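Let me begin by presenting the structure, written as structure tokens, before commenting on it.
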Amino acid sequence: MNALVTRLEDWVEKGALRPLDLALTRFIHEQEPQASEALLLATALLSEANGHGHVCLDLQQVLAKPEKLLSPADEPEEASQTSSIGGQLKEQLKGWTLESWVQALLDSDAVADERATDQPQAASSPLVLAGSKERPLLYLRRYWMYERQIEQGITQRLALQTPWSTEKLRSLLDQLFSDKKQTPDWQKIACALAARSGFAIITGGPGTGKTTTVVRLLALLQGLQLQAGKPPLSLRLAAPTGKAAARLSESLAGSVQRLDLGADLARIQEQIPTEVSTLHRLLGSQARTRHFRHHAGNPLAADLVVVDEASMVDVEMLAKLLDALAPTTRLILLGDKDQLASVEAGSVLGNLCLEADQGNYTPATAGWLEEATGEQLPPTLLSETGSALAQATTLLQHSYRFNDYPGIGALAVSVNSGKASVGELKGIFNSYERKAKEAATKHNNLQLIKLDTSRQQQSDSKQADPWAALKSLVRDGYKGFLETLINKRPTGTASREELDAWALSIFSEHKKFQLLTAVRRGPWGVDALNQLTLSALKEVEKLKPLLGNGNSPWYSGRPVLVTRNDYSLKLMNGDIGICLEWPTQDETGRKVLRVAFPDGQGGVRWVLPSRLQGVETVFAMTVHKSQGSEFTHTALVLPDRHNPVLTKELLYTGITRSSQAFTLVYSDEGTLETTLKGRVERASGLG
Ligand SMILES: Nc1ncnc2c1ncn2[C@@H]1O[C@H](COP(=O)(O)OP(=O)(O)OP(=O)(O)O)[C@@H](O)[C@H]1O
Numbered sequence: 024m025n026a027l028v029t030r031l032e033d034w035v036e037k038g039a040l041r042p043l044d045l046a047l048t049r050f051i052h053e054q055e056p057q058a059s060e061a062l063l064l065a066t067a068l069l070s071e072a073n074g075h076g077h078v079c080l081d082l083q084q085v086l087a088k089p090e091k092l093l094s095p096a097d098e099p100e101e102a103s104q105t106s107s108i109g110g111q112l113k114e115q116l117k118g119w120t121l122e123s124w125v126q127a128l129l130d131s132d133a134v135a136d137e138r139a140t141d142q143p144q145a146a147s148s149p150l151v152l153a154g155s156k157e158r159p160l161l162y163l164r165r166y167w168m169y170e171r172q173i174e175q176g177i178t179q180r181l182a183l184q185t186p187w188s189t190e191k192l193r194s195l196l197d198q199l200f201s202d203k204k205q206t207p208d209w210q211k212i213a214c215a216l217a218a219r220s221g222f223a224i225i226t227g228g229p230g231t232g233k234t235t236t237v238v239r240l241l242a243l244l245q246g247l248q249l250q251a252g253k254p255p256l257s258l259r260l261a262a263p264t265g266k267a268a269a270r271l272s273e274s275l276a277g278s279v280q281r282l283d284l285g286a287d288l289a290r291i292q293e294q295i296p297t298e299v300s301t302l303h304r305l306l307g308s309q310a311r312t313r314h315f316r317h318h319a320g321n322p323l324a325a326d327l328v329v330v331d332e333a334s335m336v337d338v339e340m341l342a343k344l345l346d347a348l349a350p351t352t353r354l355i356l357l358g359d360k361d362q363l364a365s366v367e368a369g370s371v372l373g374n375l376c377l378e379a380d381q382g383n384y385t386p387a388t389a390g391w392l393e394e395a396t397g398e399q400l401p402p403t404l405l406s407e408t409g410s411a412l413a414q415a416t417t418l419l420q421h422s423y424r425f426n427d428y429p430g431i432g433a434l435a436v437s438v439n440s441g442k443a444s445v446g447e448l449k450g451i452f453n454s455y456e457r458k459a460k461e462a463a464t465k466h467n468n469l470q471l472i473k474l475d476t477s478r479q480q481q482s483d484s485k486q487a488d489p490w491a492a493l494k495s496l497v498r499d500g501y502k503g504f505l506e507t508l509i510n511k512r513p514t515g516t517a518s519r520e521e522l523d524a525w526a527l528s529i530f531s532e533h534k535k536f537q538l539l540t541a542v543r544r545g546p547w548g549v550d551a552l553n554q555l556t557l558s559a560l561k562e563v564e565k566l567k568p569l570l571g572n573g574n575s576p577w578y579s580g581r582p583v584l585v586t587r588n589d590y591s592l593k594l595m596n597g598d599i600g601i602c603l604e605w606p607t608q609d610e611t612g613r614k615v616l617r618v619a620f621p622d623g624q625g626g627v628r629w630v631l632p633s634r635l636q637g638v639e640t641v642f643a644m645t646v647h648k649s650q651g652s653e654f655t656h657t658a659l660v661l662p663d664r665h666n667p668v669l670t671k672e673l674l675y676t677g678i679t680r681s682s683q684a685f686t687l688v689y690s691d692e693g694t695l696e697t698t699l700k701g702r703v704e705r706a707s708g709l710g
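In the numbering used here, the protein residues as written are 24 to 710.
This is the structure in structure tokens:
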């Protein structure tokens, strides 16, 4: 036993386990001094797996592919150490069978056997064995409870009956979708299915009309309500981050305005909310606790809740949301199932959408849809045995966003298919670069840059800078934003309105380019790329005085990302602000630096730099953090060697952050290949 604990300590030292994983293992050992190695190793591996986004530990997978465990999330320099740790883990597991491991776990009081029950027990064992005989899953009880809450909350809502007749639905749907462009009209189908059920999922890639559809759905539901002479429904909209909430709010306002309802339905328009809050705010987060103001004992007052960017919602958040809703409150999840999953444990939207590509609509659903919408489902999407969830899920299939920029759409589809080779990827880049040249457009819609960073090792100073192409890209990308900062700066007597207008024009320029990185640490991580960008920008003579001398973290032009919610400053995780130097000086004659943030209502919030606690420079941003945001041009930099975070989902998410142009920067062909083949795999009992 001591040998195992020593080994675990060694793994912590080498960064393969977190101190937290060891602490939990020690806790179990203290509770049960006779604990078996099987229990202690399982506890350490489970805790580590939770840290990497798995909701549970799939014991069979551990035995089959131990090398998939204990890999640091984004530190390539530790990969070699990890492989030897992988060897030690294999040795540790030698001779273990699934049956013997399960039996050893069940022999312990720390593990409760819940394989045969769906009902959460009030038992106190910290660990739960669930799943099935063939696929036993080990959970921390908390996570097991979350999954059960989600299953129950969804099942309960799927059983809710629609209060509206098919004729009434059809009549209003026909009015709302009189501009049919696709056959079948998936947006109309999504509205009908979401109106039929107490729970629905509307998923689709970028620009497939999720927001447009939800606005029409809200108009449909509010319209049916008002036509029945009832008071308007209470509708609440939320997103996982402040950034995503602000973006949805903006696009909803536009979509609601564009709704063409005719005079008789115009009053519906006034009853469609455009205000979107973060999920934390919706549920009433409380300082220093995991608990929310709203829960089963104090449910949220709403008839319907819509959650956008649901791919970013983790298992705990969804469980708490469902817990905070009254059993009759309807829930609709919107999001792109193919995007990266949440940072925290779980890949809930992906798990719930496992059947979405196949449709699996029953003949009964197809018949009802034909009556309610006039649309016919393709026979290939029908199944006699489709689940209840499949009947409430719609995959929007046609992207309207990339009509003018088809290169990004083509690239996203190819990467998402999981079948693209490096050769095919290069083919797509080449063909769109060529098209851009033929059309003589200044900016390429797609651009592929290969850096030869192996030359970095050589000390020959006459060698060209291996990072030159990347530096030139960021100089070009951030030029407009920094020039607006310099050229449009108001004079010393500027009014507050003029300062606000200046900041707003800087925000809109800043959204035109964003450098993305796959990893947080190391030479390809956020810090290194922030430094590289800063030094590249300082090579431009007129930008030098602007960007400070390195003595202070605060300088004019520093873009910052808020990394934790600050309710007193009304700043949310994901908000981006820009540090600006006011044209006036303070009473002591010093420069006045303020960080400008969009206030969400078209104005500016100015904050003293010293008041900002959780912020980081964001010339470069991880793809994870970029979720829920969109930029005119994004450039994604891949590291030069393989790393477990490099997956097709990461690449797809990076590509789809771009609205007009995308640049991929890589230096190693093999890494690009493994990225295209990599998959986010997260153990879970859902789906
Ligand atoms: N049925 C339609 N007919 C014509 N244009 C449409 C239709 N649906 C959506 N669009 C247009 O496509 C664009 C993207 O739509 P929308 O914002 O609703 O998509 P989304 O899936 O929410 O996008 P995102 O990926 O940004 O979240 C918008 O300009 C919208 O006006």
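Positions of the beta carbon are idealized from the N, C-alpha and C atoms, including for glycine.
In this text the structure is predicted, and so the values were computed from the model without any measurement.
Closest in C-alpha terms to V549, from the list V627, L616 and L661, comes L661. DSSP places F620 within a strand segment (E or B) once states are collapsed to three.
Listed in chain order, the non-local C-beta contacts of I177 below 6 Å within the same chain comprise F222, local neighbours out to five positions each way being set aside. Distance from the Cα of V646 is smallest, within the candidate group Q280, G597 and L404, for G597. When secondary structure is reduced to three states using DSSP, K449 falls in the helix class. Nearest to A46 by C-alpha distance, out of E60, E71, A26 and Q57, is E71. For E157, there is no enclosing beta strand (DSSP E), as DSSP gives it neither H nor E. Taking the CA atoms as reference points, K449 sits about 18 Å from A492.
Remark: the shortest separation between the CB of E653 and any heavy atom of ligand 1 falls under 7 Å.
Here Y455 carries a helix assignment [DSSP, helix/strand/coil].
Residue environment for F315: buried (at least 16 other C-beta atoms within 10 angstroms of its C-beta). Here V336 really is in contact with L372; their C-beta atoms are around 7 Å apart, less than 8 Å. Residue pairing for M644: DSSP places it in a beta bridge opposite L539. Using a 10 angstroms sphere on the CB of D331, the tally of other CB atoms reaches 16 or more, which defines it as buried.
Around G515, the same chain offers P606 and T607 as residues with beta carbons nearer than 6 Å, after the five sequence neighbours per side are excluded.
Here K671 really is in contact with R702; their C-beta atoms are around 7 Å apart, less than 8 Å. At a threshold of 7 Å, Y675 does not count as near ligand 1, since its beta carbon sits no closer than that to any of the ligand's heavy atoms. Taking 7 Å as the cut-off, one finds no heavy atom of ligand 1 near enough to the beta carbon of Q184.
In this structure, ligand 1 has a non-hydrogen atom nearer than 7 Å to the beta-carbon of Q210. Straight-line spacing of the CA atoms in S454 and P429 works out to 11 Å. The beta carbon of Q309 sits closer than 8 Å to those of F315 and R316, all from its chain and outside the five residues before and after it, given in chain order. A direct Cα-Cα distance of roughly 9 Å separates A658 from L471. Note that the stretch 356 to 366 does not touch the stretch 392 to 400; fewer than 3 beta-carbon pairs, one per stretch, sit closer than 8 Å. Under the three-state reduction of DSSP output, Y423 falls in the coil class, being neither helix nor strand. One thing to note: T297 has its Cβ no nearer than 8 Å to the Cβ of S334.
With a cutoff of 7 Å, K266 does not count as near ligand 1, since its C-beta is closer than that to no heavy atom of the ligand. Checking the 7 Å criterion, the Cβ of P322 is out of range of every heavy atom belonging to ligand 1.
Taking all protein chains in view, the Cβ of R171 is crowded by 16 or more other Cβ atoms within 10 Å, so the residue is classified as buried. The stretch 271 to 326 is shown to contain whole beta strand (DSSP E) runs of 3 or more residues at 299 to 301, in chain order.
Nearest to P582 by C-alpha distance, out of L569, Y423 and K593, is L569. It is roughly 18 Å from the alpha-carbon of P621 to the alpha-carbon of P513. In terms of CA proximity to L112, L40 leads the group L356, D326 and L40. For L354, the enclosing beta strand (DSSP E) starts and ends at R353 to G358.
K233 has its CB nearer than 7 Å to a heavy atom of ligand 1. Of the other Cβ atoms in all chains shown, fewer than 16 fall within 10 Å of the Cβ of I509; this residue is therefore exposed.
Closest in alpha carbon position to N374, among G432, Y384 and T416, is T416.
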